[in-house]
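*Asks:* Residue numbers (our numbering): 5 to 332. If you scroll down you'll find the structure; I have some questions about it.
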Ligand code: DGY
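This is the structure:
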């Protein structure tokens, strides 16, 4: 029997390609840049499956040109690059990679909490530039204490809870907001508060909500104005959850003290005004970026794809309705 034809839309680890090649005919876009939308559509035509990345927009137009497609498997937990209803409508299984990146992404949130609070990146640049004239009591780098501060988490899913667990070692008080309160055993000492209290009380506000039309600009001018002037905002979720223009304005006006940002609106086109602000630490969407975690994500996506194309239910199916429709 012929192997199913699949597209791998970006460069990935050799182990992953080996795994896929064992059971699929792989069209591999072995490049670090994403395929432009027209080329993505052209290379999906005739394919039964795809290993996709968060830079690949999969929508009705793309799907219309790929009638043989059975599964699109994202190498990411977030799937806002998918038009999920369009995939479902086209009868195409969609999957993501939950769990394997939780701890690594929580580590990144903490890297940004500590780096912004203690001004690590600016201080490093200053030392390298030869500006350090000697130790001073009133030094130029007075930071904010993390220990015993209040950590606020917006979106207490698996990654949010992993961020919260790390706060114990810093003797922090943890508050969170979710639309629905967690079971007390999952809260692990964190306290549910409403959005108003979360904004008002957090010294470090970590965003962990997925991006969707419902979370677009969830943090805008009004929310930033409600925060403490000493507070720091940390975003390792998705650009677009924060209104970047409003954040820049709030930082300029000292409405909040700083921000640690791994994600931005219109990535990778960064608003240049961020670069002029020494109160922000900027990283290039590296929340899950360790070799072990990226490999685990890509292998999980490959497992999803292989399962889907061999007639099994993929472990991380996002639109099970597709299977129900096939059965009925
Ligand atoms: C995800 O998995 O959604 C991350 O943003 C990718 O690193």
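Using N, Cα and C, we set each Cβ at its ideal position, and we do this for glycine too.
With H, G and I counted as helix, E and B as strand and the rest as coil, what does DSSP make of residue 196?
*Replies:* Correct three-state label for residue 196: strand.
*Asks:* Quick one: what's got a C-beta closer than 7 Å to residue 70's C-beta in the same chain, skipping five residues either side?
*Replies:* Once the five neighbours on either side are set aside, the close Cβ partners of residue 70 are 48, 49 and 51.
*Asks:* Check whether the Cβ of residue 199 lies closer than 8 Å to any heavy atom of the ligand DGY, and answer yes or no.
*Replies:* No, Cβ of residue 199 sits at least 8 Å from all heavy atoms of the ligand DGY.
*Asks:* From this set, 63, 34, 110 and 260, which residue's C-alpha is nearest residue 292's C-alpha?
*Replies:* Among 63, 34, 110 and 260, the Cα nearest to that of residue 292 is on 110.
*Asks:* Alpha carbon to alpha carbon, how far is residue 204 from residue 222? Give it in angstroms, no decimals.
*Replies:* When rounded, the distance between both Cα atoms is 15 Å.
*Asks:* What separation, rounded to the nearest whole angstrom, lies between the Cα atoms of residue 346 and residue 262?
*Replies:* Residue 346 lies beyond the stretch modelled for the chain, which goes from 5 to 332, so this question has no answer here.
*Asks:* Can you have a look at residue 56 and say buried or exposed, based on whether 16 or more other CB atoms are within 10 angstroms of its CB?
*Replies:* By the neighbour-count rule (16 or more Cβ atoms within 10 Å), residue 56 is buried.
*Asks:* Any heavy atom of the ligand DGY within a distance shorter than 8 Å of the CB on residue 293?
*Replies:* Yes; taking the cut-off as 8 Å, the Cβ of residue 293 has a heavy atom of the ligand DGY nearer than that.
*Asks:* Smallest Cα separation from residue 127: which of 254, 117 and 143?
*Replies:* Per the Cα distances, 143.
*Asks:* What are the start and end residues of the beta strand (DSSP E) that includes residue 131?
*Replies:* Unbroken run through residue 131 is the alpha helix (DSSP H), 124-132; no beta strand (DSSP E).
*Asks:* Nearer than 8 Å: is that true of the beta carbon of residue 164 relative to any heavy atom of the ligand DGY?
*Replies:* Outside the cutoff, so no.
*Asks:* Skipping 5 residues on each side, what residues in its chain have a beta carbon closer than 7 Å to that of residue 145?
*Replies:* Around residue 145: 123 and 127.
*Asks:* Name the DSSP bridge partner or partners of residue 83?
*Replies:* Looking at the DSSP assignment, residue 83 forms no beta bridge with any residue, so it has no partner.
*Asks:* Rounded to whole angstroms, what is the Cα-Cα separation between residue 102 and residue 134?
*Replies:* Spanning the two alpha carbons is a distance of roughly 44 Å.
*Asks:* Can you tell me which of 6, 5, 25 and 176 puts its alpha carbon nearest to the alpha carbon of residue 307?
*Replies:* Considering only alpha carbons, the answer is 25.
*Asks:* May I ask you to verify whether the segment 214-221 touches the segment 187-206, counting CB pairs closer than 8 Å and requiring at least 3?
*Replies:* Touching, no.
*Asks:* Given 8 Å as the limit, tell me if residue 80 has its C-beta closer than that to any heavy atom belonging to the ligand DGY.
*Replies:* Answer for residue 80: yes, Cβ within range of the ligand DGY.
*Asks:* Could you tell me whether any non-hydrogen atom of the ligand DGY is closer than 8 Å to the CB of residue 289?
*Replies:* Correct: residue 289 has its Cβ closer than 8 Å to the ligand DGY.
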